[in-house]
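Read through the structure below, which is laid out as structure tokens, and then see the notes.
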Amino acid sequence: MKIAAFDIGGTALKMGVMTRDGRLLETARQSINDSDGDRILQAMLSWLAAHPSCEGIAISAPGYIDPHSGLITMGGAIRRFDNFAMKSWLETRTGLPVSVENDANCVLLAERWQGKAAEMANFLVLTIGTGIGGAIFCQHQLINGARFSCRRIRLYAYRPSRRTRSSSLFNE
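If you read the sequence shown in my numbering, its first letter stands for residue 605, the second for the next number, and so on.
Set out below in structure tokens:
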């Protein structure tokens, strides 16, 4: 079975075709910015049209995501994805099953599946890219929290031109 895989980041959309055992058969990359939500969706549809042998779709995206419904309640820097039903949007247009998960959770699950954490019962992942995120694996399970945001590091402030104490970091 071939799966179309998409990793939506803050600066690039990474696309691939992979097998169920994790082998990458083909990859591509398209530069994006945080206002490119519609362009991201079009690029995904174009990739799928060019790869008709894919039987499913897997999406890694930033923000708060309900992996059961595929609803992105907060899309990180990509405001177009705020309150966006990614799973149903793609399933309607392609007829393929779709899985949508938070990007940090995807890193964690990949490490648990085929990486350094394959035998670990408890570990965490910190992701640093355009944004900062994290994921927690505790007692052999991914921890999501009530609103799928229990471990998100949402924002931080840094101004090298100003002297800021950590206690006043968010009081501006």
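From the three backbone atoms N, C-alpha and C, an ideal C-beta is built for every residue, glycine too.
The straight-line gap separating the alpha-carbon atoms of G738 and W651 is approximately 28 Å. By the criterion of a C-beta distance shorter than 7 Å, Q634 is surrounded in its chain by A616, L617 and A647, once the five residues flanking it on both sides are discounted.
For N709, the enclosing alpha helix (DSSP H) stretches over residues D707 to Q718.
A Cβ-Cβ distance of about 7 Å is found for the pair I682 and P666, placing them in contact under the 8 Å criterion. Only exposed fits S657, as fewer than 16 other CB atoms lie within 10 angstroms of its CB. Using a 10 angstroms sphere on the CB of E705, the tally of other CB atoms reaches 16 or more, which defines it as buried.
Below 8 Å, too few C-beta pairs join the segment 713-720 and the segment 683-703 to call them touching: fewer than three. A straight line joining the alpha-carbon of F610 with that of G735 spans about 18 Å. Following the DSSP letters along the chain, one finds T631 inside the beta strand (DSSP E) bounded by residues L628 to S635. Nearest Cα to D707 within the set A750, M678, L629 and N726: M678. Nearest in C-alpha terms to A653, of all of M619, L728, G614 and G733, is M619. Around A689, the same chain offers L675 as residues with beta carbons nearer than 6 Å, after the five sequence neighbours per side are excluded. If you look at S664, you'll find it in the beta strand (DSSP E) that goes C658 to A665.
Closest option to N726, judged by alpha-carbon separation, among K691, F741 and K720: F741. Excluding sequence positions up to five before and after R684, its CB lies within less than 7 Å of the CB of G641 and D642, all in the same chain and listed in chain order. For T696, the enclosing alpha helix (DSSP H) has its first and last residue at M690 to T698. Counting the other Cβ atoms within 10 Å of the Cβ of K691 gives 16 or more, which makes it buried.
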